[in-house]
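Here is the structure we will look at, set down as structure tokens.
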Amino acid sequence: MNGVPQRELYWNINHTAKFLMYPLFLIALAIFAYGMYQRYQYWKIGQKTSVKWDFARFLKETFLQRRILNELYPGLMHFGIFWGFTVLFITTLIVAVQADFGIKVFTGNVYLLFSFLADVGGVAAIIGILMAIIRRYIIKPDRLDNKTDDLVSLLLILTILVTGYFIEGIRIAVAGDNWAAYSPFGNLLAQLLAGANEGTLRLWHAILWWGHMLLAFGFIAYIPYSKLIHLFTAPINQALADPQSAKTFPLIDLEAEDIESFGVATVEEFTQKQLLDLDSCTRCGRCQDNCPAYLTKKPLSPKKMTQDLKEALNEKAPVIIAKAKAELARKGLGEEAAASEVEGAVTRALIGEIIAEDTIWSCTTCRACQEVCPVYVEHIPKTIELRRNLVLMESSFPQEVQLTFRNMENNGNPWGVGWANRADWAEGLDVPILGEMENPEEIEYLYWVGCAGSFDERNKKVSRALVKILKAAGVKFAILGTEEKCCGDSARRIGNEYLYQMLAQENIETMNNYKVKKIITACPHCFNTLKNDYPQLGGNYEVIHHSELIAKLLAENKIKLNSKDNRRFTYHDSCYLGRYNRVFNEPREVLRNVGIQLTEMHRNKETSFCCGAGGGRMWMEETLGERINVERTRQALATNPEGIAVNCPYCLTMLEDGIKAFDKTEEVKVYDIAELVAEKL
């Protein structure tokens, strides 16, 4: 091979074609820009909110495709398409720099490198597209719904890629190329075309070049009007995602006089970031595949809900924008014709007509949807905002929740047991109570018992077991006794922000008066609320779950177990300890120390299946579909266990009920991990 590696950029293309390419590109770019501006205007109807750009997450998710690769087939499929297109795009930019600005960059080693990368990348993209077509139209997983847009997008990309290879193959076949080995697939196609008539090949090259160019420009123009918009919205959405999403929610200023309504009743009351979510969703269905409500035949599909909200946005945004134009016209700042766009405009009610109330109340806030979403759509905050509006503005919620609210208001707990009985569980255990201590600041931990640990007969045993462990380890702790009230988790996640703030403020005032610094609790719901919600109201504490402390005490040999438990167990990760707060290893360390034979369920750790009690569902009747706790129990029983270990009072209750449903109460027992440790002290 002699000479500098390079090629003629516009081989077989006349000046007229090259001249026409630029205005056609500008037309495509103008259509693209208009579409993107239109979507931007749609997002702008939402409420302003503060967001932070996470560059590390942007790189990890956009370029390394971390979440996408969590599923092998669709992960490899998308990886091939993404990186194939990325390499082709970079190569096109390099060619444009040389062709349009005369800067010779597509030459020498750069030419060889990008000729090879583009050739291989294009094949990777073709394979990815073919995998997508096979999956969508032959395998047909239930979670995928097919629209015309899906087929158009796939065929458009495939045709652009295939025509590109034929253009390259014909060029090599007719003109020859000393460096053809660096375009292995283009060269292979050239060899197949080697015997064809040169005139015919040149004609087809010109036809394919025009077709390829027009399709490529059509692709650019089509992006904002199709699911392809996620090429731009998804990376932005990934970078702007809130790391605290669903762990806590925006604090409502209940005293603000300028707030006319609470929560969200119309699509424009969502934040601009939440509206960006809607254009980032690709309808991949991963959220739906992991939603316990959907999988037990409830009316909630996170995917459908997101698409329904997008439909609401597309319906309402033009009306709002037209009204704004009409207002400007009335002030002499715009076109008078704008006013006519508003006349007769009718939009459906967001709650009731677009999103059914049963859909809103079916959510357990388990966060499985957000855990698996490749583009970081934040489903739960939207659901909570809809609930807030229903509860605070419409007083519309499941009837049985009324009693729960009343119990929390009157007795400081959802069970409705008198507040004076809150510390009865500790009778005879000599548990220190902060209000009765001379020097309360001497304690290391406040033991936050929680409502279940204080009033539910089964969970009182867990409270006693934990006290036994703490005393054996010499941990200095105390409880609030009758001064402790419900943390407000259920109230907040049902949507009663007023009740939540009332309970939280009372608890924070009490703890701050005692100068509490560290809190231990056996309830993941209390754990999450104390750790992530309370700082908004001035409650800043170091909060630790009992599984974390027990693991630490075992590791430091501060408690010793007198025997091993070699029974077969499976372990259930609660949503609020696991997915929400990433505590996965410590409970398992405790179980290993106890000596049990642990068999994991198929859905474990990040992909654990909800027990059905979160999001206030503990206090609601489950009348639609199948019971979530029964489904989770079925998954647990599939491991053939003698026992099920849990870390949450709600999970304990729900799984014991599930065991009863299978008539397995004698064969399989459910234990909190504290009980398993306390038994061996």
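Numbered as in the UniProt record's numbering, the sequence shown ends at 681 without a single skipped number. The C-beta atom is built at its ideal place from N, Cα and C for all residues, glycine as well. These numbers were taken from a predicted model, which means no experiment stands behind them.
Taking the Cα of Cys363 as reference, the smallest distance to any Cα among Glu589, Gly612, Asn421 and Ile443 is reached at Gly612. By the 16-neighbour rule on beta-carbons within 10 angstroms, Leu215 is buried. The continuous stretches of alpha helix (DSSP H) do not include Ala420, and DSSP gives it neither H nor E.
Here Val391 is not near Gly488, since their CB atoms are 8 Å or more apart. For the 8 Å CB-CB criterion, Ala356 and Pro292 do not form a contact. Under the DSSP assignment, Phe569 falls in the beta strand (DSSP E) whose first and last residues are Arg568 to Tyr571. Annotated three-state conformation of Ala522 is coil, per DSSP. Judged by their CB atoms, His525 and Cys651 are not nearer to each other than the 8 Å cut-off. Within the region 537–610, the runs of alpha helix (DSSP H) that reach at least 4 residues and sit entirely inside it are, in chain order, 546–555 and 585–594. With distances taken between CA atoms, Val162 lies nearest to Gly128 out of Gly128, Ile443 and Lys664.
Taking the C-beta atoms as reference points, Leu577 is found no nearer than 8 Å to Phe609. Per DSSP, Gln402 has no beta bridge partner at all. Only buried fits Met77, as 16 or more other CB atoms lie within 10 angstroms of its CB. Inclusion of Glu269 and Gln47 in the CB contact set at 8 Å is warranted, their separation being smaller than that value. DSSP places Gly435 in the helix class (H, G or I) of the three-state scheme. For the pair Phe217 and Tyr22, the Cα-to-Cα distance works out to about 10 Å.
Taking all protein chains shown into account, Asp358 has fewer than 16 neighbouring C-beta atoms within 10 Å of its C-beta and is therefore exposed. If you draw a 10 Å sphere on the C-beta of Tyr500, you find 16 or more other C-beta atoms in it, and that means buried. Beta-bridge pairing by DSSP links Ser245 to Thr248. Beyond the five residues adjoining it in sequence on each side, Ala234 comes within less than 7 Å, by CB distance, of Ser280 and Val375 in the same chain, given in chain order.
When Gly122, Met437 and Ala674 are compared, the shortest CA-CA separation from Pro184 is found for Gly122. Here the alpha carbon of Lys605 sits roughly 7 Å from the alpha carbon of Arg579.
For Asp672, the three-state secondary structure derived from DSSP is strand. When C-beta atoms of the region 219–226 are compared with those of the region 22–38, three or more pairs fall below 8 Å, so the two segments count as touching. Distance check between Cys287 and each of Asp142, Met601 and Val110 places Asp142 closest, using alpha-carbon atoms only.
Apart from sequence neighbours up to five positions away, the residues of its chain that approach Arg348 with a beta-carbon distance below 6 Å are Ile354, ordered along the chain.
Nearest in C-alpha terms to Met131, of all of Ala322, Leu154 and Trp11, is Leu154.
By alpha-carbon distance to Glu621, the top candidate from Arg603, Gln399, Leu554 and Cys486 is Gln399.
Scanning the region 117–203 from its first residue to its last, the whole alpha helix (DSSP H) runs of 4-plus residues come out as 148–175 and 184–192. Secondary structure of Phe477 (DSSP, three-state): strand.
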